[in-house]
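J.: Residue numbers (this note's numbering): 254 to 431.
Pasting the structure below:
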């Protein structure tokens with residue numbers, strides 16, 4: 254099984270009130286990050302069997318936009334196991350129930366998503382801090398056929414933006430017509 258671990262895209266500044274923060278939507282940059290991630294996954298010919306998201310609005314929007322970009326036609330499942338306050342035990346129980354799927358997209362948050370990714374890879378958290386850094390909109394592919402999983406790649410949306418702008422610009426030399 255391939256697990257694609259995606260941190261929600263950019264959603265502006267965190268709100269002090271947790272009730273309001275739950276409803277915080279993606280900003281313009283976040284929507285562009287989702288399009289870039291979707292284009293990257295399309296280039297790799299990734300098709301999801303299942304998409305699971307945290308219940309928070311910004312994660313659901315990220316899941317929907319990336320799912321749309323990749324042609325996902327199923328419904329997005331909502332799981333509290335991907336919420337910011339979820340525990341590692343809850344996450345591992347959810348993963349155990351995913352047997353039989355080939356490609357699963359999981360959309361969540363910091364600080365727990367890097368810790369969850371670390372647990373899939375078998376890395377210890379002796380300091381309590383994740384050993385993996387995931388920026389907003391970053392996505393990782395983990396082959397989780399057996400434990401520990403194997404990290405195939407981790408891509409930051411800034412890298413995708415840089416590649417995309419280089420590819421879309423002409424490589425032809427400019428000639429002055431004076």
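Backbone N, C-alpha and C fix where the C-beta goes; we use that ideal spot for every residue, glycine too.
Tell me which residue opens and which closes the beta strand (DSSP E) that residue 306 is part of.
T.: 303 to 306
J.: Report the rounded CA-to-CA distance for residue 386 versus residue 367, giving the unit in angstroms.
T.: Spanning the two alpha carbons is a distance of roughly 6 Å.
J.: In terms of residue numbering, what span does the alpha helix (DSSP H) encompassing residue 264 cover?
T.: Per DSSP, residue 264 belongs to no alpha helix (DSSP H) and is neither H nor E.
J.: Apart from the five residues on each side of it in sequence, which residues of its chain come closer than 6 Å, Cβ to Cβ, to residue 205?
T.: In this structure the chain extends from 254 to 431, so residue 205 is not present and cannot be described.
J.: Starting from residue 291, trace the alpha helix (DSSP H) both ways and give me its first and last residue.
T.: For residue 291, the enclosing alpha helix (DSSP H) stretches over residues 281 to 296.
J.: For residue 328, count the other beta carbons within 10 Å of its own beta carbon; 16 or more makes it buried, fewer makes it exposed. Which is it?
T.: exposed
J.: According to DSSP, residue 360 sits in a beta bridge with which residue or residues?
T.: 259 and 306
J.: Please name the residue, chosen from 351, 259, 266 and 363, that lies closest to residue 314 on a Cα-to-Cα basis.
T.: 259
J.: Measure the beta-carbon distance from residue 391 to residue 409 and round it to whole angstroms, keeping in mind my assumption that it falls under 8 Å.
T.: 5 Å
J.: Skipping 5 residues on each side, what residues in its chain have a beta carbon closer than 6 Å to that of residue 293?
T.: 413
J.: With a threshold of 7 Å on Cβ separation, who are the neighbours of residue 280 within its own chain once the five nearest residues in sequence on each side are excluded?
T.: For residue 280, where only same-chain residues beyond five positions count, the Cβ hits under 7 Å are 263, 264 and 265.
J.: Mapping the DSSP letters down to three states, classify residue 394 as helix, strand or coil.
T.: It is a strand residue.
J.: Unbroken beta strand (DSSP E) runs of length 3 or more, entirely within the stretch 316 to 376: which are they?
T.: 356 to 361
J.: For residue 415, which residues in the same chain have their Cβ closer than 7 Å to its Cβ, ignoring the five residues on either side in sequence?
T.: none
J.: Just to confirm before moving on: does the CB-CB distance between residue 276 and residue 318 stay below 8 Å?
T.: no
J.: First and last residue of the beta strand (DSSP E) that includes residue 405?
T.: The continuous beta strand (DSSP E) containing residue 405 extends over residues 403 to 408.
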